[in-house]
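Numbering (my numbering), first residue to last: 970 to 1023.
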C-alpha cells in the first residue's frame, strides 16, 4: 500500500486522496477474494469490478 500511496502525495484535495485510496483498497479486497456477492457462486475479479461500475 505504501508503495502505491507515496507517489500520490501531490493530491489537490483530501477528497481525491480518500477516493483513490478507497479504490486501491477495494481492488486489493477483490484480488484476495474478500468481496463476496450474495447469490453469486463465483465471479472473476474482472466481473466483480465491472459489476461495481454498473
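Heads up, the beta-carbon is just placed ideally off N, CA and C, and yes, glycines get one too.
Could you please give the first and the last residue of the uninterrupted alpha helix (DSSP H) stretch that includes residue 992?
Walking along the chain shown from the start, residue 992 turns up at place 23. Note, residue 992: alpha helix (DSSP H), 983–1001.
Beta-carbon proximity list for residue 996, same chain, < 8 Å, skipping 5 on both sides
Numbered from 1 along the chain shown, position 27 holds the residue referred to as residue 996. For residue 996, where only same-chain residues beyond five positions count, the Cβ hits under 8 Å are 1018.
Spatial neighbours of residue 1000 within its chain, please: C-beta separation below 7 Å, excluding the five flanking residues on both sides.
As a first step, residue 1000 is located in the chain shown; it is residue number 31 there, counting from the start. Contacts found: 1014.
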